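J.: In my numbering, the protein residues as written are 381 to 799.
Ideal Cβ placement from N, Cα and C applies to all residues, glycine included.
Fair warning: this is a prediction, and the values are worked out from it, not measured in the lab.
This is the structure in structure tokens:
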């Protein structure tokens, strides 16, 4: 083989198709739970953690399987649903307390921390392998991408979009789930070494500490979530917007009662499409008109046809003062593209500050959104502190969650551009 051919050949990785210790049985009864807790608590070293959810199928984002691996305890596949009883969530806080001394290794921790906290599993220390990859400036930070780069191994990944609420869970799904924690410990060790070599280990330490500190924070509740319905930008009349709002809330209540993902009950686009019929001059619509919109004829949606018609009737019956406004003031500054005529001074600041942060991120080989929160920079440019000093800007960004390492790098670079 020629040198060129060798260079152009794709890299070869060892395929890890099954866990080294085999796939353990699912922990779904009190005896197995007690044994697993004792085994994990008695082991040493960091704790690899992952979860499987079913958000594309179910209403909530709760965990339907929790994978834990630690030292000689091996891997534990825990079914939290089996321990719920009559409660909406299991209480596994005793397990969490028994593992409080361990560093938890999680890939893309923000995706898992919420559902872990719901069952009482909250880390005091953690290491996020995906975030480590971002801080290292790596182009791809999926779990398989990182294990390929770091360990020369690739994981068999086939069931990431599966319905994990299914019971019993198929054997090949459990194999996939166990693999998600199989290589997290050596991957963490590799990432820690690389961060130290790059002089970014302190950045990572602060980021991981912040994640752990906020691991149990309640989820952010968006105001007027119905305004994010796909296709709503084509809905103009106030009564049509009211129809979107009423249909969205009706769907949400129905989805919650059925424990189904809202998009599987009725598609966003169907809501917007039928609202446009109201927009066309109909204060209400007939069953036939409703059925003419694709999505309302889905089996589940059609079964609840009266729910949709009632929602549209409620919207049509609203007085003018009760109709929703065409738009609402955003939480924070408007999009920067609108600033030139709304706030020219802010636009001028943005035109100087944004390129500085982008250039600094490129120099440091870190994504700009990890260098500093884009929202914090937008707010700073829109309405900066009265004094454009390093101390004032530092305090401003600290009040919006910027970590010390971020402020040390950014504040001195951008403060002169605010004047």
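Near residue 824, which residues of its chain fall below 7 Å by C-beta distance, leaving aside the five closest residues on each side in sequence?
T.: Since the first residue of the chain shown is 381 and the last is 799, residue 824 is not available in this structure.
J.: Which class does residue 484 belong to by DSSP, given the choice of helix, strand or coil?
T.: Strand.
J.: Consult DSSP for residue 546 and reduce its assignment to one of helix, strand or coil.
T.: Here residue 546 sits in coil by DSSP.
J.: Once you ignore the five residues that flank residue 794 on each side, which residues in its own chain have a CB closer than 6 Å to its CB?
T.: These residues qualify, in order along the chain: 733 and 736.
J.: Compare the beta carbon distance of residue 658 and residue 554 with 7 Å and say whether it is the shorter of the two.
T.: Against a cut-off of 7 Å, the Cβ pair of residue 554 and residue 658 comes out as no contact.
J.: May I ask you to report which of helix, strand or coil DSSP gives residue 450?
T.: Strand.
J.: Judging by CA-CA distance, which residue of 738, 460, 627 and 718 is the nearest neighbour of residue 496?
T.: It is 460.
J.: Return the first residue and the last residue of the beta strand (DSSP E) that residue 533 is part of.
T.: Element bounds for residue 533: 533-535.
J.: So for residue 428, helix, strand or coil by DSSP?
T.: Three-state DSSP puts residue 428 in a strand.
J.: Specify the secondary structure class of residue 573 as computed by DSSP and reduced to three states.
T.: Residue 573: helix per DSSP, three-state reduction.
J.: Tell me the rounded alpha-carbon separation between residue 781 and residue 789.
T.: The straight-line gap from Cα to Cα measures roughly 15 Å.
J.: Taking the beta strand (DSSP E) that residue 396 falls in, what are its first and last residues?
T.: Per DSSP, residue 396 belongs to the beta strand (DSSP E) from 394-396.
J.: Let's test the definition: count the other Cβ atoms within 10 Å of the Cβ of residue 433 and tell me whether it reaches 16, buried, or not, exposed.
T.: With 16 or more Cβ atoms within 10 Å of its Cβ, residue 433 is classed as buried.
J.: Apart from the five residues just before and just after residue 584, which ones in its own chain have a Cβ nearer than 7 Å to its Cβ?
T.: So the list reads 512, 515 and 575, once near-sequence residues are dropped.
J.: When the Cα atoms are used, what is the spatial distance from residue 541 to residue 551?
T.: Near 16 Å, if we compare the C-alpha coordinates of residue 551 and residue 541.
J.: Whose CA, out of 773, 676, 644 and 591, lies closest to the CA of residue 654?
T.: Cα-wise, what sits closest to residue 654 is 676.
J.: Determine the contact status of residue 502 and residue 595, defining contact as a CB-CB distance below 7 Å.
T.: Contact flag set, yes.
J.: Once the 5 residues before and after residue 382 are set aside, which same chain residues still bring their CB inside 6 Å of it?
T.: Note that residue 382 scores 39 on pLDDT, short of 50, meaning its location in the model is unreliable; the coordinates nonetheless yield the value given after this. None.
J.: Alpha carbon to alpha carbon, how far is residue 412 from residue 750?
T.: About 41 Å.
J.: Am I right that residue 343 and residue 457 are in contact with their C-beta atoms under 8 Å? What's the rounded C-beta distance?
T.: In the structure as shown, the chain starts at 381 and stops at 799, and residue 343 therefore has no counterpart that could be examined.
J.: Rounding to the nearest angstrom, what Cα-Cα distance links residue 544 and residue 441 in this structure?
T.: Answer to the nearest angstrom: the Cα atoms are 11 Å apart.
J.: Rank 711, 649, 525 and 538 by C-alpha distance to the C-alpha of residue 600 and give the top, closest one.
T.: Out of 711, 649, 525 and 538, 711 has the C-alpha closest to the C-alpha of residue 600.
J.: Taking a contact to mean a Cβ-Cβ separation below 7 Å, would you say residue 451 touches residue 423 in this structure?
T.: For residue 451 and residue 423, yes; Cβs fall inside 7 Å.
J.: Report the CB separation of residue 507 from residue 483 in whole angstroms; it is logged as a contact under 8 Å.
T.: Rounded, the Cβ-Cβ distance is 6 Å, consistent with contact.
J.: Spatial neighbours of residue 636 within its chain, please: C-beta separation below 7 Å, excluding the five flanking residues on both sides.
T.: Around residue 636: 439.
J.: Taking the Cβ atom as the reference point for each residue, do residue 777 and residue 729 lie within a distance shorter than 7 Å?
T.: No, these two residues do not count as a Cβ contact at 7 Å.
J.: Would you grab the beta carbon distance between residue 758 and residue 774 for me? Rounded to a whole angstrom, and I think it's under 8 Å.
T.: Not quite, the Cβ-Cβ distance comes to about 18 Å (not below 8 Å), so this is no contact.
J.: If you draw a straight line from the C-alpha of residue 386 to the C-alpha of residue 393, how long is it?
T.: Low per-residue confidence applies at residue 386: pLDDT is 44, beneath 50, and the placement is therefore not dependable enough to give any value.
J.: Tell me whether residue 790 sits in a helix, a strand or coil according to DSSP, three-state version.
T.: Helix.
J.: Quick check: the Cα distance between residue 744 and residue 521, rounded to an integer number of angstroms?
T.: Roughly 17 Å separates the two Cα atoms.
J.: When we look at the beta-carbon of residue 668 and count the other beta-carbons within 10 Å, is it buried (16 or more) or exposed?
T.: It counts as exposed.
J.: Tell whether a beta-carbon distance below 7 Å holds between residue 429 and residue 486.
T.: Yes, the Cβ-Cβ distance between residue 429 and residue 486 is below 7 Å.
J.: Assuming residue 619 and residue 695 form a contact by the criterion Cβ under 8 Å, report the distance between their Cβ atoms to the nearest whole angstrom.
T.: Correct: roughly 6 Å between the Cβ atoms.
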